[in-house]
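Read in this note's numbering, the sequence shown has 120 at position 107, and its numbers run on one by one without any break.
Structure first, commentary second.
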Amino acid sequence: MDLVARLKDNERNELFSETAAVKRMTPAVVEKDFWVTWTLGKIFINPALRPILKFKGGTSLSKVYGLIERFSEDIDLILNWEILTKEDPLMGRSKKKQIQLNEEIREAARVYIAEELLGVISESVEPICHCEVDKHDRNMLNLYYPKAFSDDYIRPEIRLEIGPLASWLPFDEHLIKSYAAEVFPHVFEKPECLVQVIKAERTFWEKATILHHEAHRPEGSIQPPRNSRHYYDMAQMAMSSVKVSALADLSILESVVEFKKRFYPRGWANYDLAKPGTLRLIPQGHVLESFKNDYKAMRNMIYGEYPEYSKILHVLAKLEDEINAL
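This is the structure we're talking about:
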């Protein structure tokens, strides 16, 4: 992929424009997808980074598993907490001590990101791109790439969202490629790169508990922007074989719920009810309206079939019934 990364700007832009025409996407999406894929390749080929980071989240559902037809522009990474603390975060302790340890690990991660990760990643991507710690979120690195195209819904940088309080298991290794490499593989000396990624079954239950959380969001509490992606992703997974394997392994759901309660406690989320019989996926009231409006704004990010929000709700209602009947 370095061959394309080092092309003259006009040559690379032509590649992205032609790919966009074939894929029926905007050139800005194709461009950013290339740099997201290139960045992942740089991370997981690096012997200093590969042992301490794992790829997760919505981007993995499209880039790795092909479960969604949504362009996901950021990279979610899990940082191994073993390099940050000698404590076992999963060991039994009081709620107060757990909250204290959680914050100690988060702060240790922020320091590690600034003092260690930033330098290693910068060395991997420079001089083509450059990386900075986000001014508002020290758990995030912003990677700036040679940008020629723009889109109202796409941020002009790649956000590396790095968090230590997440599970590595189960994970696997997969080859991925950019949209440009799919359409014009002959332009690339090596069209694929290898990543270590959390398995889709865990992401299925991660998304389900996010929707359960949102279904209990109290009146007056504002839903975060771009949250509609979780409903779309969940509906797409509900229509795939991953649903079957995820529903067959409820131990993953139990693990996800335990992580949420231990590391991201929120009373109104009612995580104790995130289990067969009482799990909720369908939003209500102001959350439903927020989802509807945000989903319209997300239209350009979906490059495949754009299901109406009513269809998404129908699929999720059916999935909710199926889970609660287990």
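The C-beta atom is built at its ideal place from N, Cα and C for all residues, glycine as well.
The straight-line gap separating the alpha-carbon atoms of residue 120 and residue 106 is approximately 20 Å.
Spanning the alpha carbons of residue 192 and residue 250 requires a straight line of approximately 21 Å. As computed with DSSP, residue 68 is found in a beta bridge with 90 and 210. Across the structure, residue 34 and residue 324 are spaced so that their CA atoms are roughly 28 Å apart. Listed in chain order, the non-local C-beta contacts of residue 232 below 8 Å within the same chain comprise 298 and 299, local neighbours out to five positions each way being set aside.
In its chain, beyond the 5 residues on either side, 284 and 287 have a beta carbon closer than 6 Å to the beta carbon of residue 270. If you compare the alpha carbons of 253, 16 and 28 with that of residue 141, the shortest gap goes to 16. Secondary structure at residue 186: strand, using DSSP grouped into helix, strand and coil. Scanning the stretch 144 to 206 for uninterrupted alpha helix (DSSP H) segments of 4 residues or longer gives 192 to 196, listed from N- to C-terminal end. According to DSSP, residue 83 shares a beta bridge with 315. Using a Cβ distance threshold of 8 Å, residue 175 and residue 155 do not count as a contacting pair. The beta carbon of residue 81 is closer than 6 Å to those of 74, 75, 246 and 249 in its chain, skipping five residues each way along the sequence. Proximity of the stretch 208 to 218 to the stretch 179 to 192 meets the contact definition, three or more beta-carbon pairs being nearer than 8 Å. In this chain, residue 96 is not harboured by any alpha helix (DSSP H), its DSSP state being neither H nor E. The stretch 26 to 45 and the stretch 108 to 116 do not touch, with fewer than three beta-carbon pairs separated by less than 8 Å.
In the assembly as shown, residue 216 is a buried residue. Its beta-carbon has 16 or more other beta-carbons within 10 Å. CA-CA distance, residue 77 to residue 338, rounds to 30 Å. Per DSSP, the continuous alpha helix (DSSP H) segment holding residue 54 begins and ends at 40 to 58. In summary, residue 14 is buried, with 16 or more beta-carbon neighbours lying within 10 Å of its beta-carbon over all protein chains present. Under the three-pair Cβ rule at 8 Å, the stretch 57 to 66 counts as touching the stretch 82 to 97. Nearest neighbour of residue 100 by Cα position, chosen from 304, 116, 197 and 88, turns out to be 116. For the options 25, 53 and 332, the alpha carbon positioned closest to that of residue 220 is the one of 332. Residue range 15 to 18 is occupied by the alpha helix (DSSP H) that includes residue 15.
Leaving aside the five residues that flank residue 194 on each side, the residues in its chain whose CB is nearer than 6 Å to its CB run, in chain order, 201 and 204.
Residue state for residue 117 is assigned as helix, using DSSP reduced to three classes.
Here residue 265 has 214, 215 and 218 as same chain residues with Cβ atoms under 6 Å from its own Cβ, once five neighbours each way along the sequence are excluded. Where residue 32 is concerned, the enclosing alpha helix (DSSP H) starts and stops at 22 to 36.
In the structure shown, the three-state DSSP call for residue 236 is coil.
When the beta-carbon positions are compared, residue 242 and residue 71 come within less than 8 Å of each other. Around the beta carbon of residue 225, 16 or more other beta carbons lie within 10 angstroms, which makes this residue buried.
Following the DSSP letters along the chain, one finds residue 302 inside the alpha helix (DSSP H) bounded by residues 298 to 310. Look at residue 242 here: in three-state DSSP terms it is helix. Within its own chain, the residues whose Cβ lies closer than 8 Å to the Cβ of residue 197, once the five positions on either side in sequence are excluded, are 28, 31 and 32, listed in chain order.
From the listed residues 304, 98 and 281, the smallest Cα separation to residue 125 is found for 98.
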